[in-house]
Amino acid sequence: MLVSTEDRNTAGATSSQALDGRAPHAPVAAASSKVSIRGVHRRFAGKRGADVHAFGPVDLEIGNGEFLCLIGPSGCGKSTLLRAIAGLVAPSEGSIEIAVDAARQPIAMVFQDYGIYPWKTVEANVRFGLQLAGVSRQEIGRRVHKWLELLRIEDFAKAYPHTLSGGMRQRVAIARALAVEPQILLMDEPFAALDAQLREILQDELLALWQADRRTVVFVTHSLEEAIILGDRVAVMSSRPGQIVEVVDVPFERPRTGALRNRPEFGQLRGQLWQLLQSEIEPTRTSGQGE
Amino acid sequence: MTALRPRGAALEGTDSTVLVRQPGPQELHPRRTRGRRRALELTLAIGIPVALVGLYQLATSQRWIDPRLYPTLDEMGRNTRDLWNSGQLWDAIYISCKRALIGFLFGAGGGAIVGYLMGASRLLRAALEPTLSMLYTVPKLALLPVFLTIFGFGERAIYVLIAVTVFFFVWISTMAAVMSVAVGYREAASTFGAGRWQMFRHVLLPGALPQVFVGLRIAASVSILVLVGVEFVIGSSGLGYLINQGRNLLLLGQAYVCIVIVAVIGYLFMALVRLIGRLLMPWAPEDNAIGPQ
Chain A
1043 MLVSTEDRNT
1053 AGATSSQALD
1063 GRAPHAPVAA
1073 ASSKVSIRGV
1083 HRRFAGKRGA
1093 DVHAFGPVDL
1103 EIGNGEFLCL
1113 IGPSGCGKST
1123 LLRAIAGLVA
1133 PSEGSIEIAV
1143 DAARQPIAMV
1153 FQDYGIYPWK
1163 TVEANVRFGL
1173 QLAGVSRQEI
1183 GRRVHKWLEL
1193 LRIEDFAKAY
1203 PHTLSGGMRQ
1213 RVAIARALAV
1223 EPQILLMDEP
1233 FAALDAQLRE
1243 ILQDELLALW
1253 QADRRTVVFV
1263 THSLEEAIIL
1273 GDRVAVMSSR
1283 PGQIVEVVDV
1293 PFERPRTGAL
1303 RNRPEFGQLR
1313 GQLWQLLQSE
1323 IEPTRTSGQG
1333 E
Chain B
65 MTALRPRGAA
75 LEGTDSTVLV
85 RQPGPQELHP
95 RRTRGRRRAL
105 ELTLAIGIPV
115 ALVGLYQLAT
125 SQRWIDPRLY
135 PTLDEMGRNT
145 RDLWNSGQLW
155 DAIYISCKRA
165 LIGFLFGAGG
175 GAIVGYLMGA
185 SRLLRAALEP
195 TLSMLYTVPK
205 LALLPVFLTI
215 FGFGERAIYV
225 LIAVTVFFFV
235 WISTMAAVMS
245 VAVGYREAAS
255 TFGAGRWQMF
265 RHVLLPGALP
275 QVFVGLRIAA
285 SVSILVLVGV
295 EFVIGSSGLG
305 YLINQGRNLL
315 LLGQAYVCIV
325 IVAVIGYLFM
335 ALVRLIGRLL
345 MPWAPEDNAI
355 GPQ
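Protein chains in written order, with this note's numbering: chain A, 1043 to 1333; chain B, 65 to 357.
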C-alpha cells in the first residue's frame, strides 16, 4: 500500500498533538496515521431517558498499513467503536478522521454473521461491493475470480450460502470485503462463530493475505491469541464505558506464521494481555458473565 | 456443558444397555426411500379429496342425507354436462378467472409497491399507516355501492373491489417483511456505500421476498373469496352467479359443481403463486421457502 508523503506528514503531525502524552505506545501510528480517533464518546438513549455510555473518551491513532487488534470485555463498546469508524453509528462526541484516497474504496467491513446475502450466489456476493463501487464489468470479473481463488472458494462460485459451512461463508465475507480493495478493512469478530481449528486456519489464511498487501486493518476480537497472531498492536479496552487502557506492541517479526503460537514469548504476551483484561473484567464478573 | 455430565454418569452406571446407531433404510437406499415417500405423499394428497367425494356419494346413495338437498354425483355429472354443452360453464370459468387475475395483479402490484416504500421509509409509515390500517378493517364488500356509483355496474367495479381487497393483504405483509430484513444485511450494504436504490435492489427487495410471497399466496385465495361474493351480489355472469342461480332455481347440482370448481381454481391459483415464488427465489432452502403447503 502506497501513501503520499504529504498525507504522511500531515497525519503524523496531528497525531502526536492529539495524543497529548496519553499513549506512549504509538510509534507505528505516529509515522503515518490513517485513522485518528480523538476524544470520541458514544452514548445510546436507554430506557426512561437514561443514557447508556457505550465507550469514551477514546483516543487512538491507527497507522497506515497497520494491523490493529481491539480487545476488551464484553459490552465494552469495542464493536461500537468499530462501527463508528465504519460510519454505521456517529460519535456522540469527539471526532474520527480517516485519511483516504478519494479514488479508491475507503472502507469494507466483515461481520460476525449476517454479512453475506443468502439470496446471492457466492460469486454474486463477492461481486456486490464492486458493483456498488461502479467498477467496470471486465474488472469485476477479474477481481471476483482472483479473490475467489485466493480464498479457495472458486469451486463454490455458483452455490448459494445456505449450502456452505460456516468457515466457507466467512471466506465469502472476507473475499467480498477484500475484492473492493478497501483502504481500511474493519473486522468485527469475524471468526467468533467458528470452531477452534477452523479459526486457526482462517487466522493463518488472513495473515498470509494481509502480509501480501498490508492494508490498514482494525480487528475486533475476544481472543487474545488471535489478537497476538494477527496484530501489530493490540489495544485493550476497559469495561463500559470503554476506554483504551493500554496499547501493546506485538514484537514478533513479519511475516508471521501460525507456528508463532508455540513460542514462549507468545505465552508471555498472552499472560500480559490477560492480566490487563482481568483487572477490567473482575469488578463486573458477577453481572457481566454469560455473554 | 454442565447439563451433559449427569447424563454421562447415568450411562456409565447402566453398563448393560448398548445403544446402537446404524444406517436405516433411508441411508442404505436413499433414492428408493425418497421415491417411496414421494409416492406416499402424492397418494395422500390425491386420496383424501377422492375419499371425501366417495363418502359423499355413499351418503347420498344410502339416503343418509336428503338427495333433494344434496344431489347425487350422477345428477351433478348430468348438470355439469348440460352446463358445459351450453357453453355457460366455460364462459363462467373464463370470466371469473379473468376478474380474479386482473383484480389480483393490480391489487398485489399496488400493495407490494406501497408496502416496500412504507417498509423502507419511516416517514411514509408515520404518514400513511394509521389511515391505511383503518381502511384495512372496513369490509370491502360494504363499499360495493360506492364503487358501483363511481365505476358503474360493469366489470370495472368488480376489478376495483378485488384489487382493493388484495391491496391491503399484500401491503401489510410486504411492509412487515421489509421492516424485518435483518439490520446486519442493511449495514453490510451501507459499509459498501449503497445508495437508496442499491439498498432496495440488493437488500430489501430480495430480503423481503419470501415473506412477500406468503402474503401473495394469502391474497390469491382472498381474491377468489371476494370474487365469488361480488358475483353473488351484482354479477350476471361468472361462477358466483351460477352458484347463486343454482340455489335460487333449486338447481343444486349446478351450485355444488361450481363451488367445487371455485375451490379447484383457488388451489391452482395459490399453487401458481408459489411456483413463481420458487422460480424467483432459488436461494431459499426448499423446505421453508415460502411457508407450508
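Note that the Cβ used here is the ideal one computed from N, Cα and C, for glycine as well.
Everything numeric in this text was worked out from a predicted model, so none of it was measured.
| Item | Value |
| --- | --- |
| At least three beta-carbon pairs within less than 8 Å, the segment 1224-1234 of chain A to the segment 1143-1158 of chain A | yes |
| C-alpha distance - Q1317(A) paired with V1131(A), whole-angstrom precision | 31 Å |
| Neighbour list for I1104(A) in chain C, Cβ cutoff strictly below 7 Å | Among the protein chains of the structure shown, namely A and B, there is no chain C. |
| Proximity winner among E1135(A), A1126(A) and A1175(A), relative to A1145(A) (alpha-carbon distances) | A1175(A) |
| Residue range of the beta strand (DSSP E) that includes F1097(A) | D1093 to G1105 |
| Cutoff 8 Å: G1332(A) Cβ touching any chain B Cβ | At G1332(A) the pLDDT is 39, less than 50, meaning the model places this residue with poor confidence and gives no usable figure here. |
| Pick from P209(B), G173(B) and I329(B) that is closest to C161(B), judged by C-alpha positions | I329(B) |
| Own chain residues within Cβ distance below 6 Å of V337(B), not counting five before or after | L280, R281 and A284 |
| C-beta neighbour in chain A for G270(B), strict 8 Å | What sits at residue 270(B) in the sequence shown is Pro, not Gly. By this cut-off, P270(B) is an interface position. |
| Any chain A beta carbon closer than 8 Å to G141(B) | no |
| Inter-stretch contact (C-beta, 8 Å, three-pair minimum) for the segment 1108-1123 of chain A and the segment 1270-1285 of chain A | yes |
| Delimiting residues of the alpha helix (DSSP H) encompassing F296(B) | L269 to V297 |
| Chain B within 8 Å of P1069(A), Cβ atoms only | Residue confidence for P1069(A) is low, a pLDDT of 42 falling below 50, so the modelled location carries little weight and cannot support an answer. |
| For T1258(A): DSSP bridge partner residues | I1226(A) |
| Residue interval of the alpha helix (DSSP H) (run including S1321(A)) | P1306 to I1323 |
| Span of the beta strand (DSSP E), counted from its first residue to its last, around S1078(A) | S1075 to A1087 |
| Test: M1151(A) CB closer than 8 Å to a CB of chain B | yes |
| Expected contact under 8 Å - CB spacing of V230(B) and V286(B) to nearest Å | 6 Å |
| Residue burial classification, Q275(B) (beta-carbon count within 10 angstroms, cutoff 16) | buried |
| Test item: CB-CB of L316(B) and P135(B) under 8 Å | yes |
| Residue-level contact to chain A via CB, E251(B), 8 Å cutoff | yes |
| Start and end residues, alpha helix (DSSP H) containing C161(B) | Q152 to A184 |
| Partners in chain A for T97(B), counting only beta-carbon separations shorter than 8 Å | Correct list: empty, because the minimum Cβ distance to chain A is about 22 Å. |
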